[in-house]
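One line per chain: the protein sequences are A and B, in this order.
Start counting the first sequence at 1; every next residue gets the next number (UniProt numbering).
Start counting the second sequence at 1; every next residue gets the next number (UniProt numbering).
Ideal Cβ positions, reconstructed from N, Cα and C, are used throughout, including at glycine.
Quick notes on the structure that follows.
Protein chains: 2
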Amino acid sequence: MPDVAALPLIGASALRARAAARVLRTLPTDVKDGALAAMADALVERVDEILAANALDVNAARADGTPESTVDRLRLDAGRVAGVAEALRTLIALPDPVGDVVRGSRLPNGLELRQVRVPLGVVGIVYEARPNVTVDAAGLCLKSGNAALLRGSASAHRTNTVLVAVMTEALSKAGLPEGSIELLPADRASVGELLGARGFVDVVIPRGGGSLIQRVVNEAKVPVIETGEGNCHVYVDASADPATAEAVVLNSKTHRVSVCNSAETLLVHRDVPFLPRLLAALADAGVTLHGDEAARAAVDGVLPATDEDWATEYLSMDMAVRVVDDLPAALDHIARWSTGHTEAIVADSASAIAAFTAGVDSAAVMVNASTRFTDGGEFGFGAEIGISTQKLHARGPLGLPELTSTTYVVTGNGHVR
Amino acid sequence: MPDVAALPLIGASALRARAAARVLRTLPTDVKDGALAAMADALVERVDEILAANALDVNAARADGTPESTVDRLRLDAGRVAGVAEALRTLIALPDPVGDVVRGSRLPNGLELRQVRVPLGVVGIVYEARPNVTVDAAGLCLKSGNAALLRGSASAHRTNTVLVAVMTEALSKAGLPEGSIELLPADRASVGELLGARGFVDVVIPRGGGSLIQRVVNEAKVPVIETGEGNCHVYVDASADPATAEAVVLNSKTHRVSVCNSAETLLVHRDVPFLPRLLAALADAGVTLHGDEAARAAVDGVLPATDEDWATEYLSMDMAVRVVDDLPAALDHIARWSTGHTEAIVADSASAIAAFTAGVDSAAVMVNASTRFTDGGEFGFGAEIGISTQKLHARGPLGLPELTSTTYVVTGNGHVR
């Protein structure tokens with residue numbers, strides 16, 4: 001048996017969540033949907049309390065000299081609160097994965113076999129200073145029948161405390177158990193406890209940068225789903241249409257540079273005649289290019305690229321550029337340097353597209369489309385809790401089905417072996 | 001980039017496997033099936049070499065005073081070699097999961113979205129002194145397009161070396177890459193290297209007892225699928241048919257006591273009138289009973305049970321017995337003590353069956369059927385590499401689809417956001 005005494009910061013919450021999970025797994029969809037509606041209503045009704053707490057967090061962050069871009073992610077206003085409430089309501093319209101029969105058959109001996117989706121149980125989420133994640137994660141966990149252990153940033157703790165109190169009160173009125181949504185202390189040590197809480201938590205999903213992911217990998221004794229690191233590539237084949245290449249490359253790099261599905265490296269087949277024009281278009285859009293010798297020979301102003309550039313997720317208006325001899329060389333580069341998030345090919349050759357699609361081992365492969373499309377909303381999943389870059393359990397955008405496990409239910413009439 | 005220098009024992013094998021995996025993921029089914037047939041033929045043709053090596057392992061084990069039951073698991077003869085070869089041939093008939101489209105749709109913007117099964121990549125398997133696992137695991141990995149890093153027991157190393165050499169030579173003649181099947185050194189430290197080989201191995205599957213699982217949990221930096229621990233329960237409801245209860249309980253406990261899907265604890269509703277007869281039948285079958293007060297009052301000769309009994313996976317002709325006040329009390333007991341493998345209910349009440357099925361959080365729930373049915377072969381999966389007791393990725397018997405991941409392939413015609 002796991003020992004709750006080893007969890008001084010999160011033990012009480014973990015016990016409540018574990019008890020709540022046993023109830024949540026049995027709730028019908030309409031009860032969960034009613035609770036989501038009640039949560040959304042309560043957030044809108046109590047917006048003043050939420051904004052008052054948020055103002056304290058924002059002022060404290062500014063007093064600490066936090067960069068304004070970070071403060072902006074932390075900041076709520078009435079419109080943003082209405083937005084997170086609306087996001088909860090969109091979950092109501094999504095199908096409940098719990099109870100889905102994934103496969104079923106009658107075995108030769110007459111046993112009825114059904115593989116049924118069930119909630120994971122208790123889901124821990126570690127995230128940064130975006131209060132909307134507190135509501136999104138709580139809603140996704142609830143709809144999928146899971147209890148949520150939320151470990152947000154210390155800088156958002158006052159906001160998160162009010163958000164969770166408002167949601168919990170609404171849940172309680174809807175008859176759902178306490179412990180369905182638990183906010184954990186924002187102490188640094190609470191992450192360590194969560195990562196070691198075997199028997200109390202069924203999975204931990206870290207949402208954050210490389211250092212959080214690395215800590216999780218090193219410390220976790222519980223199952224984790226890694227999310228978010230995206231060193232994404234766009235390969236422009238010799239068969240590519242110039243206008244398509246320019247549109248896809250520019251959009252992949254410049255549409256929003258700070259997100260994991262933006263492109264970081266451009267690989268171009270050496271027979272592409274429009275390389276100078278493509279690089280000039282990137283430079284004109286404000287992109288700083290870091291290239292190999294062939295790229296530097298194509299246009300002026302390209303900085304020399306090193307292995308560091310191939311490895312870096314810039315998350316900025318920088319892009320590495322490499323000219324490759326052929327498609328296998330592009331695949332070799334991607335196999336060596338990619339984080340396995342998203343790679344795109346621009347090509348008109350069906351055989352090149354097939355070889356690229358078969359040869360790339362990433363969560364998503366875009367064919368003549370921007371890397372920016374790897375997104376739960378764009379994929380039509382309605383919501384996502386992150387984008388998995390691991391191969392086990394779930395890869396790519398994590399929607400409601402990815403927050404479930406399965407049970408085999410086998411029905412006989414006294415069957416023995 | 002991961003550093004192969006940190007892997008002195010397994011690094012060379014891991015690099016070969018990683019390179020092989022890039023080829024294996026692209027192979028069509030008929031090429032893989034041809035290789036499986038060639039492996040099976042080669043094992044039968046070269047049975048003398050295999051048995052000669054196995055005799056050395058068996059003699060060394062006997063000289064070390066290894067228990068005869070363990071020696072029997074290690075021992076091969078011509079019939080057993082033919083059996084493992086036949087098991088490879090049965091894989092040929094199974095569907096190849098690679099390339100299956102798990103879901104697909106046309107998005108509103110015209111993008112074609114397909115979620116396609118792909119191999120995991122490099123699969124590490126740590127197992128004990130059963131040489132048949134060497135062949136089974138190699139075959140399952142190959143059919144699912146994965147490279148296999150096999151870490152068997154030191155006591156079977158001579159046998160495993162010949163088995164892998166025979167299979168590798170057959171693969172090579174079939175045109176498959178070296179590195180498709182790699183036998184790792186049997187040093188204790190090679191397990192540690194495997195568990196830390198991030199970037200080289202995509203998943204490690206430990207097959208073994210509690211101490212191996214615990215080591216994996218504590219040390220693993222790579223994703224793992226836990227298998228095998230089974231503290232399984234049978235609950236006999238007040239509505240149970242006496243003959244069905246007796247058949248299911250006896251079969252669950254006594255059919256084969258040393259396996260993970262055998263039952264360890266019997267929970268009986270206090271209103272079951274045939275408790276004395278049920279316990280007497282178990283005792284008559286040679287089962288040593290460890291019971292609570294009510295069980296001890298029902299028949300003579302029941303030893304007193306402690307928490308240790310509720311927690312123990314006996315793997316022997318012992319069974320713990322507890323009389324519970326109602327079905328929720330049975331669910332509470334299971335929630336506290338189960339390892340999440342298999343629980344069974346014997347009942348005629350549909351509402352009791354529904355409550356049990358909804359309330360139990362295990363890989364499999366048997367309704368009026370023996371716990372012994374949780375098995376890849378019994379489920380019709382044709383083969384299994386183990387039985388997962390974890391909730392992420394795969395739960396229950398691990399067949400070919402469970403050895404895959406997925407990639408989202410998104411096709412556009414210049415789509416940008």
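{"Item": "Cβ separation of V234(A) and L266(A), assumed to be a contact under 8 Å, to the nearest whole Å", "Value": "5 Å"}
{"Item": "Counterpart residues of Q115(B) in DSSP-defined beta bridges", "Value": "R103(B), Y408(B)"}
{"Item": "Close-in-space but distant-in-sequence residues of the same chain around residue 453(A) (CB under 8 Å, 5 per side omitted)", "Value": "With chain A covering 1 to 417 only, the question about residue 453(A) has no answer from this structure."}
{"Item": "Proximal residues of chain A, C-beta to C-beta of M319(B) below 7 Å", "Value": "Chain A residues near M319(B): none, gap ~16 Å exceeds 7 Å."}
{"Item": "Segments assigned alpha helix (DSSP H), at least 4 residues, entirely inside the stretch 127-189 of chain B", "Value": "131-143, 157-173"}
{"Item": "Limits of the unbroken beta strand (DSSP E) element including E264(B)", "Value": "263-269"}
{"Item": "Where G231(A) meets chain B, residues with beta-carbon distance less than 7 Å", "Value": "The sequence given here places Asn at residue 231(A); Gly does not occur at that position. What N231(A) touches in chain B: nothing, since even the nearest Cβ is about 12 Å away."}
{"Item": "Closer than 7 Å to chain B by CB, A240(A)", "Value": "no"}
{"Item": "8 Å Cβ cut-off: residues of chain B touching residue 445(A)", "Value": "Residue 445(A) cannot be examined here, being either before or after the span of chain A that is shown, 1 to 417."}
{"Item": "G380(A): contacting residues in chain B (beta-carbon distance under 9 Å)", "Value": "S105, L107, P108, L113"}
{"Item": "Interface residues of chain A facing S405(B) [CB-CB closer than 8 Å]", "Value": "K391, L392, R395"}
{"Item": "Closer than 8 Å at the beta carbon, the chain A residues around V365(B)", "Value": "T407, Y408, V409, V410"}
{"Item": "Whole runs of the alpha helix (DSSP H) within the stretch 332-412 of chain A, excluding any shorter than 4 residues", "Value": "350-359"}
{"Item": "Alpha helix (DSSP H) runs contained entirely in the stretch 262-313 of chain B, provided each spans 4 or more residues", "Value": "275-284, 293-298, 307-311"}
{"Item": "Residue range of the beta strand (DSSP E) that includes V234(B)", "Value": "232-236"}
{"Item": "Which of helix, strand or coil DSSP assigns to I125(B)", "Value": "strand"}
{"Item": "Exposure label - L56(B); buried when at least 16 CB within 10 Å", "Value": "exposed"}
{"Item": "Cross-chain neighbours of T265(A) in chain B, by beta carbon under 7 Å", "Value": "Result: empty, since nearest Cβ-Cβ is about 15 Å, beyond 7 Å."}
{"Item": "Partners in chain A for V248(B), counting only beta-carbon separations shorter than 9 Å", "Value": "G412, G414, H415, V416"}
{"Item": "Cα-Cα separation between residue 418(B) and D96(B), rounded to whole angstroms", "Value": "Chain B is shown from 1 up to 417; residue 418(B) falls before or after that span and cannot be answered."}
{"Item": "Selection of the stretch 115-146 of chain B by Cβ proximity to chain A, strictly under 9 Å", "Value": "Q115, V116, V118, P119, L120, G121"}
{"Item": "C-beta neighbour in chain A for K223(B), strict 7 Å", "Value": "Per the sequence shown, the amino acid found at residue 223(B) is Pro instead of Lys. Yes - at least one Cβ of chain A is within 7 Å of the one on P223(B)."}
{"Item": "Three or more C-beta pairs below 8 Å linking the stretch 335-342 of chain A and the stretch 387-396 of chain A", "Value": "yes"}
{"Item": "Option nearest A31(B) by Cα separation, candidates T406(B), L142(B), L289(B), D48(B)", "Value": "What sits at residue 31(B) in the sequence shown is Val, not Ala. For the residues T406(B), L142(B), L289(B), D48(B), the minimum Cα distance to V31(B) belongs to L142(B)."}
{"Item": "Contact check, A245(A) vs A347(A), beta carbons under 7 Å", "Value": "no"}
{"Item": "Amino acids of chain B, ordered along the chain, whose beta-carbon sits closer than 7 Å to that of residue 419(A)", "Value": "Past the edges of chain A, shown from 1 to 417, lies residue 419(A), and the structure says nothing about it."}
{"Item": "Alpha-carbon to alpha-carbon, E49(B) and N59(B)", "Value": "16 Å"}
{"Item": "Counted within 10 angstroms of its Cβ, other Cβ atoms place M1(B) as buried (16 or more) or exposed", "Value": "In this prediction, M1(B) has a pLDDT of 48, which is less than 50 and means its spatial position is unreliable; what the coordinates show is noted afterwards. Label assigned to M1(B): exposed."}
{"Item": "Residues that H255(A) contacts on chain B, provided the C-beta gap is smaller than 8 Å", "Value": "V416, R417"}
{"Item": "Partner residues on chain B for G359(A), Cβ-Cβ distance less than 9 Å", "Value": "R22, R25, T26"}
{"Item": "Where M1(A) falls: helix, strand or coil (DSSP)", "Value": "Any reading at M1(A) must be qualified, since the residue scores a pLDDT of 48, below 50, and its modelled position is unreliable; the value itself is stated next. Coil at M1(A), not helix or strand."}
{"Item": "F373(B) at chain A interface by Cβ criterion, 7 Å", "Value": "yes"}
{"Item": "C-beta contact flag for G376(A) and P401(A) at 7 Å", "Value": "no"}
{"Item": "In chain order, each alpha helix (DSSP H) run of at least 4 residues that lies wholly inside the stretch 43-79 of chain A", "Value": "47-63, 68-74"}
{"Item": "Own chain, CB closer than 7 Å to S316(B), minus 5 neighbours either side, in chain order", "Value": "V257"}
{"Item": "Bridge partner(s) assigned by DSSP for residue 439(A)", "Value": "No statement about residue 439(A) is possible, as the shown extent of chain A runs from 1 to 417 and does not include it."}
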